Amino acid sequence: MKSHDYWQKQHQNYSTYDWITKPTIFAEQIVNLLPKNGKLIDLGAGQGQDSRFFAQNNFQVTSTDFTQDALDISRNKSNNLEIDYKNVDLTKPLPFDDSSFDIVYSHLSLHYFDNITTQNIFNEIHRILKKNGILAILVNTINDPEVAESEKIEEGYFLSPVGIKKRFFPVKYLRQLIGDRYQIEILDENGETYKDSIKNLIRFVGKKI
Ligand SMILES: C[S@@+](CC[C@H](N)C(=O)[O-])C[C@H]1O[C@@H](n2cnc3c(N)ncnc32)[C@H](O)[C@@H]1O
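Position in the sequence shown (first residue = 1) + 2 = my numbering.
This is the structure:
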C-alpha cells in the first residue's frame, strides 16, 4: 500500500481512540529538558496532540506532517493556540532555513524510511536546528515483536504485515546517525506509549554541539 494512503486511513482509525487527544508519555517526560519558550518543530506530528501540548506550554510551535487530514484535525482542536501548521514530506529537503529552531521533536515518525533517506533526514534535522538546540525523538526498536512478522528489505528496514515499510532501530544505528554532533542527554530503551503495549522504544534527547 502507498504510504500516504495508509496514513490517511490510519488517522481515521486513530481518531476513534481517546489517547489521540492527550499528550504522549514521551512529551510529558522530556518537556522540562527543552529551552523555555523556544521555537519547536514537530515532525510527523499526526493529529498534533504533542504540538498542542507544547504550544500550551508556551513553545512557539510549527506542526508538520504529510497527511493533511491529520493537520486539519489538529487545527480544529487548536482553539486559540497559535500553531503554525505546514504540510511537510520528510523524504524531501526540509523547507526551513539553517538554524531556525531551538527544538526538533518527533514522536514515532522517523522510522518509515530506507537508510539513505534516514541519513538525509538526520542531516536535515541537524541543519535546521540551532547550536545548543535540542533534538528529542522516540523511535521504534529492533527488539519490537513486529520484526518477527515482517519481511526484511534492507538492514533494519522491513515490510510490515500491514503493508508499509518500517525501520526498527538498533541503538547502535541511532548512535551512528547522531555521530559526534550532539551531547547526549537521554539515550535508552525505556520509551512507551498509550497506543502499544511495548515499553522498550528508543528515547533520544541530545543537545546540538
Ligand atoms: C505513528 S504516526 C505518529 C504521529 C504522532 N507523532 C503521534 O505520535 O501520534 C506517524 C506519522 O508520520 C507521518 N508520516 C509518515 N511518512 C511521512 C513522510 N514521508 N513525511 C511526513 N510525515 C510522514 C504520518 O502521516 C503519521 O502522522
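Ideal Cβ placement from N, Cα and C applies to all residues, glycine included. This structure is a prediction, so every number in the text was calculated from the model and none was measured.
Thr143 is positioned such that its CB atom lies closer than 8 Å to that of Phe170. Between ligand 1 and the CB of Val90, the shortest heavy atom gap is smaller than 7 Å. Taken atom to atom, the span from the alpha-carbon of Lys133 to that of Ile105 is near 10 Å. Between ligand 1 and the CB of Asp67, the shortest heavy atom gap is smaller than 7 Å. For Lys168, the enclosing beta strand (DSSP E) stretches over residues Lys167 to Arg169. DSSP places Leu203 in the strand class (E or B) of the three-state scheme.
From the listed residues Phe55, Leu45, Gln12 and Ile75, the smallest Cα separation to Val90 is found for Leu45.
Listed in chain order, the non-local C-beta contacts of Leu83 below 7 Å within the same chain comprise Arg54, Ala57 and Gln58, local neighbours out to five positions each way being set aside.
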